[in-house]
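Comments concern the structure below.
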Amino acid sequence: MKDKIDYLVDAFIEVHRKGITNFKFIILGITKEEYEENFKGVKDLNITNIEFLGKKSHTEVLNALKGADFSIFYRPKNIVTKAGFPTKFVESISCGTPVITNKSSNLSDYFDKYNFLGILIDDFGKNKLTETLINVLEMNKTDIVKLKDECLKNQIFNCNKYVEQFEKLMS
Numbered sequence: 000m001k002d003k004i005d006y007l008v009d010a011f012i013e014v015h016r017k018g019i020t021n022f023k024f025i026i027l028g029i030t031k032e033e034y035e036e037n038f039k040g041v042k043d044l045n046i047t048n049i050e051f052l053g054k055k056s057h058t059e060v061l062n063a064l065k066g067a068d069f070s071i072f073y074r075p076k077n078i079v080t081k082a083g084f085p086t087k088f089v090e091s092i093s094c095g096t097p098v099i100t101n102k103s104s105n106l107s108d109y110f111d112k113y114n115f116l117g118i119l120i121d122d123f124g125k126n127k128l129t130e131t132l133i134n135v136l137e138m139n140k141t142d143i144v145k146l147k148d149e150c151l152k153n154q155i156f157n158c159n160k161y162v163e164q165f166e167k168l169m170s
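Right, here's the structure in full:
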């Protein structure tokens, strides 16, 4: 299992235990049964705030992203993630959804340049993740809407924004 889904689930369970219940954590790509099968010793998965929707079409994933306040993903530190760039990041921002993620590839460059992309964390451990989730859940809805609007408005990954630069490069 990739993406440290177990870390995310554990962090959301901890947030719930602390009495913060104003969230819905929707997991696409895996069912609850698949999760329980892959992560033995799973505890407390009966909270209704965590929902496993299983595999979805790309269109359904994009629609879910558009409806979310934030998306969350993790990239391990290895040669592949150092050289590559996360498509999940591009898709989320292009859908108008800020991201919570860890530092990988050159994501820091984007987060430094654009303050509306979401939250970049160094440590994807349970404590830091739980603290980050609590901070996000304490944000007011107006601030989240502003971040989402900025992601959509700026279209930083819209290829049409770079046609002129590309033409100069190719000439």
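Position 25, counted from 1, in the sequence shown is what numbering that gives the first Met the number 0 calls 24; the numbers after and before it change by one each time, with no gaps. Heads up, the beta-carbon is just placed ideally off N, CA and C, and yes, glycines get one too.
query: Per-residue DSSP class, three states only, for Ile143; result: helix
query: Sequence ranges, alpha helix (DSSP H) only - wholly within the segment 66-136, length at least 4; result: 78-82, 86-93, 106-112, 125-136
query: Buried or exposed by the 16-neighbour rule on C-beta atoms within 10 Å, applied to Thr96; result: buried
query: Cut-off 6 Å between Cβ atoms - residues of its own chain near Met0, not counting five sequence neighbours on either side; result: Bear in mind that a pLDDT of 46 at Met0, under 50, signals an unreliable position, so the number given afterwards is only what the model happens to contain. So the list reads Asn37, once near-sequence residues are dropped.
query: Inter-residue Cα distance where the pair is Lys39 and Glu33; result: 11 Å
query: Presumed contact (8 Å Cβ cut-off) between Ile92 and Phe51, rounded CB distance; result: Their Cβ separation, rounded to whole angstroms, is 24 Å, which puts Ile92 and Phe51 out of contact at 8 Å.
query: Cβ contact (3+ pairs, closer than 8 Å) linking the segment 20-35 and the segment 45-60; result: yes
query: Where Phe156 falls: helix, strand or coil (DSSP); result: coil
query: Check whether Leu128 and Ala10 have beta carbons under 8 Å apart; result: yes
query: Neighbour-count burial assignment, Val79, 16 or more Cβ in a 10 Å radius; result: exposed
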